[in-house]
Each structure stands twice: as C-alpha cells, then as structure tokens.
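A short write-up of the structure that comes next.
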Amino acid sequence: KAGVTQTPRYLIKTRGQQVTLSCSPISGHRSVSWYQQTPGQGLQFLFEYFSETQRNKGNFPGRFSGRQFSNSRSEMNVSTLELGDSALYLCASSPRTGDYEQYFGPGTRLTVT
Amino acid sequence: KNEVEQSPQNLTAQEGEFITINCSYSVGISALHWLQQHPGGGIVSLFMLSSGKKKHGRLIATINIQEKHSSLHITASHPRDSAVYICAGDYNTDKLIFGTGTRLQVFP
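Residue numbers (my numbering), protein chains in the order written: chain A, 217 to 329; chain B, 45 to 152.
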C-alpha cells in the first residue's frame with residue numbers, strides 16, 4: 217500500500233497570501249488529522265476529518281481551515297499568512313476515528329517571508 | 045488541563061547502551077503514542093498502547109495507568125536510532141497532545 221502523501225513538499229509564500237496544502241491518506245483510511253510543527257511550539261493538533269466532517273479542532277485562529285473529500289483526500293487552507301505560520305505541516309491518516317495508530321505523511325514545509 | 049511531559053530533553057549514548065525515555069501525562073488518557081522523527085521531518089509511529097507492554101525488535105514500550113507514566117526503552121542502541129522521540133496522549137477527543145520530544149544521539 218502506498219503511504220500518506222502530501223503536496224507540495226516545500227512552499228514559500230509572502231505574508232498576506234493564502235495557501236492550500238493537500239494530503240492523500242493511505243487507501244482505505246477515512247480519518248485524516250493535520251498537525252503544525254514549529255521549533256517554538258513543537259507539534260500541535262490542527263484538526264481531524266472523518267467522513268468529510270470535521271470532528272475536532274485545535275486551538276488555532278479561523279484563518280486555518282480544512283476540508284475532506286468523498287475519497288478521503290484532505291486539504292488545509294491558511295488565509296492571510298503571517299510570518300509565524302512558517303512551519304512543517306503534517307497530516308496523518310488512520311482507518312477510523314478514535315484510538316487507532318496514525319500514519320504520518322512526509323510533511324509540507326511552509327516558509328512565509 | 046491535558047498535558048504530556050517528557051524527559052530527558054536530550055540524551056546521548058554510546059552504541060550498545062540501554063536507553064530509557066520517560067513520559068508522564070494527566071488523567072483521562074485513552075491511548076499513548078510513541079513517535080520517532082528523523083532529521084528532515086518524517087514521523088513514524090512506533091507504538092500505540094493503552095495498557096501493559098509492547099515490543100517491536102529492540103524497542104519496548106510500557107505504560108503504567110495508575111502512575112500515569114509510560115517509558116520507551118531501546119536495547120542495544122545503534123547510531124541509526126538517533127532521532128527525536130515524541131510521546132503523545134490521546135485524550136479521547138480524537139486529538140493528540142504531544143510532549144516536547146527527546147533528542148537522542150547514539151555515538152559509535
């Protein structure tokens with residue numbers, strides 16, 4: 217089975233722009249979670265999607281949003297980018313929501329200048 | 045408040061040594077995850093456990109529910125084990141709360 221894929225792998229954006237990141241889960245996995253990793257804050261949960269519904273959201277401003285499609289692929293969007301949004305964005309998939317092992321993608325490294 | 049704390053923050057070892065990384069968490073956890081992150085960012089899930097002990101190769105993870113404590117052990121450590129090890133608690137809200145990570149360096 218192919219692993220979790222994320223596109224793009226690297227991205228440079230300017231402050232004020234918006235960005236969309238994509239995540240394709242392992243085939244058959246229906247839950248996708250998104251995480252942000254920064255040197256200062258470490259890993260933090262952004263949101264989780266299951267069956268096209270957002271099940272939970274972390275403590276991030278409304279500029280961070282996401283969605284999940286019927287094929288379980290997920291996108292996250294960040295509008296009005298700030299310098300502090302520079303981070304590694306990771307998605308992880310699992311078969312279902314709940315206590316299941318998560319399989320992580322390689323991440324998208326976003327740099328905001 | 046749901047919290048996960050790890051120790052030590054940094055760990056150096058000689059090849060062959062037995063290594064222990066500790067993780068403590070607040071009440072209410074439904075599962076505890078151990079993750080490994082190599083330079084470059086990729087994260088691999090090592091273990092998910094809610095009780096007892098799990099073993100995979102040279103890696104062993106234990107959890108003590110009463111003490112709210114988990115440990116990750118590496119036997120016969122090798123330089124390729126050098127990575128950041130992260131524990132994360134699942135508080136039954138379908139989101140993980142992460143520890144700050146332990147940076148392990150194993151020297152030949």
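Idealized CB from N, CA, C, for every residue including glycine.
If we count the other Cβ atoms within 10 Å of its Cβ and call it buried at 16 or more, is residue i buried or exposed?
| i | result |
| --- | --- |
| Lys-97(B) | exposed |
| Leu-299(A) | exposed |
| Ala-218(A) | exposed |
Please report the Cβ distance between residue i and residue j, rounded to the nearest whole angstrom; I am assuming they are in contact, meaning their Cβ atoms lie under 8 Å.
| i | j | result |
| --- | --- | --- |
| Phe-320(A) | Ser-89(B) | 7 Å |
| Cys-131(B) | Val-48(B) | 6 Å |
| Phe-40(B) | Glu-59(B) | Chain B is shown from 45 up to 152; residue 40(B) falls before or after that span and cannot be answered. |
| Glu-291(A) | Met-92(B) | Wrong, their Cβ atoms sit about 26 Å apart, outside the cutoff. |
I want to verify the contact list: residues of chain A whose CB lies under 7 Å from the CB of residue i, in sequence order.
| i | result |
| --- | --- |
| Leu-140(B) | Phe-261 |
| Thr-144(B) | Gly-258 |
Closer than 8 Å by beta-carbon distance: list the chain A residues that pair up with residue i, in chain order.
| i | result |
| --- | --- |
| Gly-133(B) | In chain order: nothing, as chain A lies at least about 11 Å away. |
For the beta strand (DSSP E) containing residue i, name the first residue and the last one.
| i | result |
| --- | --- |
| Leu-55(B) | 54-58 |
| Ser-288(A) | Premise fails: Ser-288(A) is in no beta strand (DSSP E) and is neither H nor E. |
| Glu-49(B) | 48-51 |
| Lys-98(B) | 96-100 |
| Thr-221(A) | 221-223 |
| Gly-133(B) | 127-134 |
| Gly-278(A) | Unbroken run through Gly-278(A): none, as it is neither H nor E. |
| Leu-148(B) | 146-151 |
Taking residue i as the query, report the chain B residues whose CB atoms sit under 7 Å from its CB, ordered along the chain.
| i | result |
| --- | --- |
| Glu-268(A) | Going along chain B, no residue has its Cβ under 7 Å from Glu-268(A), so there is no contact; the nearest lies around 15 Å. |
Discussion item. Would you call the region 53-65 of chain B in contact with the region 231-243 of chain A, where contact means no fewer than 3 C-beta pairs closer than 8 Å?
Written reply: no
Item to complete: Would you check if the region 303-315 of chain A and the region 239-250 of chain A touch, i.e. whether three or more CB-CB distances between them fall below 8 Å?
Response: yes
Worksheet item: Contact between the region 109-127 of chain B and the region 56-73 of chain B: three or more CB pairs below 8 Å?
Response: yes
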